[in-house]
Amino acid sequence: MEISLDWYLALSAVLFAIGVLGVLFRRNAIVILMSVELMLNAVNLSLVAVSQSIGDLSGQILVFFVMSVAAAEAAVGLAIVIAIFRKKVSVDVNDFTLFRY
Amino acid sequence: MLSDFIPLFLSMVMAGGLALTLLKAAEIFGPKRPNVTKRAAYESGMDPIGTARDRYSIKFYLVAMIFIVFDVEVVFLYPWAVSFRDFIAAGEAGGVLAVVFLFIIILGIGLLYDIKKGGLDFDDLRHQREFQGR
Amino acid sequence: MDLTGAYASLGSDLGNAFSLVLLSVVGLVMVVWDSLRNDHRAIPWIGVAASVLAISFELLRMPGPAEKIFYGLMWAGGYASFVNIIILAATAFTLAISVHYLDRIGHNYGEVYSLVVFASAGMIVLGSANSLITVFVGLETMSICLYILTGLVRTEEGSVESALKYFLLGAFSTGFFLYGIALLYAATGTLYLDEMPAALAGGAGSEVLLWGGVGLLFIGFLFKVSAAPFHMWTPDVYQGAPTTLTGYMSTASKASAFAALVLVVYHALPAERWMLVLAIVAAATMILGNVVAIAQSNVKRMLAYSSIAHAGYVLVGIAAGTTAGYSGALFYLLVYTLMNIGAFGVMAALEWDGHVGQKQDLDSLAGIGYRKPLLGVSMGFFMFSLTGFPPLGGFIGKYAVFAPAIDAGLTWLVIVGLLTSAASAYYYLRVLYVFWMKSPEEEAAPALDQLMASPLSMSTSVVLVVCAGLLLVLGIYPGVLESTTLFFSDSAAAVAAIR
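Residue numbers (my numbering), protein chains in the order written: chain S, 1482 to 1582; chain A, 99 to 232; chain P, 10 to 508.
Right, here's the structure in full:
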């Protein structure tokens, strides 16, 4: 039985929404980073599904780029988190309130 | 139908057999000079017993971060490898080889930078101080 | 699959993308040089030389029409050259003023300059993209370099904190942007911008996917150009980042993101359908940026809100949805780049112990004009131009974006723009008032004397004079604006035919 494209898109939308909620409601910088990765991978799922269903490879090429960009982003993000942990001994985003209005 | 999978089974058996053979061969022929560090469960230098909430050396994170990047960049080699035969058939082997070598050279420059800046030095205190000073 | 001749056009493609290739190669050379000779003094100047060389190439390349290269992934020549010139000019200026500034704050590393060059390579990819793949790759190359540059001063809390904010919010917006790309891909079946109108006209895909995709894509773009209501990160990041690099971020990255947005609405998504949305965003951005800027006492933060306001002006041109509006927006980006790099350059020259940039009150700079006449006079040029006084470039730029909006029937938007520009005169001219007409307080005198002792570096002076001079030229001689209006005329008929 063929699974139709709608199901893939729906799953991807749900995963993406979970990622968005994670970014909005979690206060730990590392968990926010993980939620962002979840968002990117949800998009990858729909890109691959669409690419497969319309028979066009460029969507899958984009997925390769998304994967490598996500890795680079994770490396830079973790480096920034380490740097701020050394300064503040905290990764709770509520503690980062140096600038106001 | 099932006969289609025979090559797969064969390669699985060969892979498992090779791994077991090599392990046994190493046990029989290898020199044995055990010491405490070598006999530990993890040879990475971490003590497996004790609290897990210790602070790790920052070097672990550094290596892990560098690993992520180099690891994932290799993803671009898979589409290249899959389509390589088609390029040879089209008489474009030179171009596609040149491009992939360029890619590897760029990755190599990243590695050169990492080594020269001391990103992979675990015990050189001079480099560590330099990194912390920044 | 037939791949014969896959590399036949590689040579001419590489020639057409000369500035991109040059910047990438020079960036790699800088990395190698820095690994072998740690923080060598020559590193920034290779970047400056490469940028100047690339600018002269693009100047030669600009008069012709834009053509597709790399199998339709990018544009070269025409408006792509114009955008590249903006980016390359910002790069050259930033590298030149950063050397002295980073020296003084004690963070003069070779990596900084190669990161700036790599970010510029990403911006060139972004600003001349013809496929959503290139848009994404360029955007991320740029953003990741900028995250690192923001957190450059690792020893300082504010810098690292703003880097974290920039990173988390930037990555978040990348998620939306990418999801928009995926939905657009599902709706149109292609990632090439110039193929989308045909796919849409054919009625492929569902309206829900299309609208969702366009909405999410615009959210991603509006975040990167810091338009309201996605501007929250801008003041914090601009205040915390090293000053010269803030100037770079606020100009080059904005210029390339706007250029990509122009390419998207021009080639792929006929603007009339979302004209009203863009117009409302533009109005909100102008009002918010200008009103909040009035209340700022820190100059960097004030300039950050001012850059939000200027994003609003550019959006007015794009919201007009006409070719004149797009070319006006591109012209405005050129002017804006010159004045903002200059303003941040002056502020960088006025930081005398590295810590003050984030906390520097405007009032602590009283009487600077007489002590450092070059800084005072050039700041006068930049502030008058940012306000939009004739005969400086800012005036022509505002004309270039407002006139097409009136033609497109957005008179209310232009009225909002004019009123908010009038309000902006208050906070821009207050800087000049403090610089020239206010006498310093007694306790500030020792710090000012210390500033007097450190001479202005040669490269900073040259950059400031060049920026101010170019603003004057752009304001008096309107030939550049006329040349930008030619960019979009040639292929407009083709796009109209597809619709």
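Even for Gly, the Cβ is constructed at its ideal location relative to N, Cα and C.
Answer with buried or exposed for residue 505 of chain P, where buried requires no fewer than 16 other C-beta atoms within 10 angstroms of its C-beta. Reliability of the predicted coordinates at residue 505 of chain P is poor, the pLDDT of 45 falling under 50, and the value obtained from them is presented with this limitation in mind. With fewer than 16 other Cβ atoms within 10 Å, it is exposed.
Which residue from P/273, P/17 and P/396 puts its Cα closest to that of residue 185 of chain A? P/17
Report all residues from its chain with a CB closer than 6 Å to the CB of residue 1573 of chain S; omit the five preceding and five following residues, and keep chain order. 1508
Would a check of beta-carbon distances place residue 190 of chain A closer than 7 Å to chain P? yes
Rounded to a whole number of angstroms, what is the C-alpha to C-alpha distance between residue 250 of chain P and residue 290 of chain P? 26 Å
Does any CB atom of chain P fall closer than 7 Å to the CB of residue 1515 of chain S? no
Cut-off 7 Å between Cβ atoms - residues of its own chain near residue 275 of chain P, not counting five sequence neighbours on either side: 335 and 497
From the beta carbon of residue 363 of chain P, is the nearest beta carbon of chain S less than 7 Å away? Note that residue 363 of chain P scores a pLDDT of 48, beneath 50, so its modelled location is shaky and nothing firm can be said.
Whether residue 311 of chain P touches residue 302 of chain P by CB criterion (7 Å): yes
Residue 77 of chain P - DSSP class collapsed to helix/strand/coil: strand
Using the beta-carbon of each residue, which ones in chain A are nearer than 7 Å to residue 1519 of chain S? Those do not exist, as residue 1519 of chain S stays about 16 Å from chain A at its closest Cβ, beyond 7 Å.
What's the gap between the Cα of residue 363 of chain P and the Cα of residue 161 of chain P? Any reading at residue 363 of chain P must be qualified, since the residue scores a pLDDT of 48, below 50, and its modelled position is unreliable; the value itself is stated next. In a straight line, the C-alpha of residue 363 of chain P is about 13 Å away from that of residue 161 of chain P.
Run down chain P in chain order and give the residues with a C-beta less than 9 Å from the C-beta of residue 1527 of chain S. 188, 191, 192, 194 and 195
Contact defined as beta carbons within less than 8 Å: I believe residue 270 of chain P pairs with residue 327 of chain P. What is the distance between those atoms, to the nearest angstrom? 6 Å
Length-filtered (4 minimum) alpha helix (DSSP H) runs lying within the stretch 245-299 of chain P: 252-257 and 263-272
Mapping DSSP to helix, strand and coil, what is residue 1525 of chain S? helix
Buried or exposed for residue 133 of chain A, going by 16 or more other Cβ atoms inside 10 Å? exposed
Could you please give the first and the last residue of the uninterrupted alpha helix (DSSP H) stretch that includes residue 1498 of chain S? 1486-1506
Checking contacts by CB at 7 Å: is residue 1549 of chain S closer than that to chain A? yes
Name the two residues that bound the continuous alpha helix (DSSP H) containing residue 85 of chain P. No alpha helix (DSSP H) holds residue 85 of chain P; the beta strand (DSSP E) holding it covers 83-85.
Round the Cβ separation of residue 143 of chain P and residue 82 of chain P to the nearest angstrom and send it over; I've been treating them as touching at under 8 Å. 5 Å
Since I believe residue 347 of chain P is in contact with residue 480 of chain P (beta carbons under 8 Å), could you give me their beta-carbon distance rounded to a whole number of angstroms? 5 Å
Are the C-beta atoms of residue 1510 of chain S and some chain A residue less than 7 Å apart? no
Neighbouring residues, chain P, relative to residue 1542 of chain S (Cβ below 8 Å): 142
If I follow the unbroken alpha helix (DSSP H) through residue 202 of chain A, where does it start and stop? 191-214
Rounded straight-line distance, which links the Cα of residue 119 of chain P to that of residue 182 of chain P: 30 Å
Return the CA-CA distance between residue 202 of chain A and residue 135 of chain P, expressed in angstroms with no decimal places. 24 Å
In chain A, which residues lie less than 7 Å from residue 16 of chain P when you measure between Cβ atoms? 190 and 193
Using only alpha-carbon positions, find the residue among A/200, A/178 and A/164 that is nearest to residue 218 of chain A. A/164
For residue 143 of chain P, the first and last residue of its enclosing alpha helix (DSSP H): 141-159
Counting only Cβ pairs nearer than 8 Å, list the residues of chain S close to residue 174 of chain A. 1545 and 1549
Counting Cβ pairs, one atom from each stretch, are 3 or more of them under 8 Å apart for the stretch 1499-1517 of chain S and the stretch 1537-1549 of chain S? no
DSSP has residue 138 of chain P in a bridge; who is on the other side? P/83
Whether residue 35 of chain P touches residue 207 of chain A by CB criterion (7 Å): no
Here's the rule: buried if 16 or more other CB atoms are within 10 angstroms of the residue's CB, otherwise exposed. What is residue 148 of chain A? exposed
I'd like the span of the alpha helix (DSSP H) that includes residue 375 of chain P, first residue to last. Taken as a continuous stretch (DSSP letters only), residue 375 of chain P belongs to no alpha helix (DSSP H), as it is neither H nor E.
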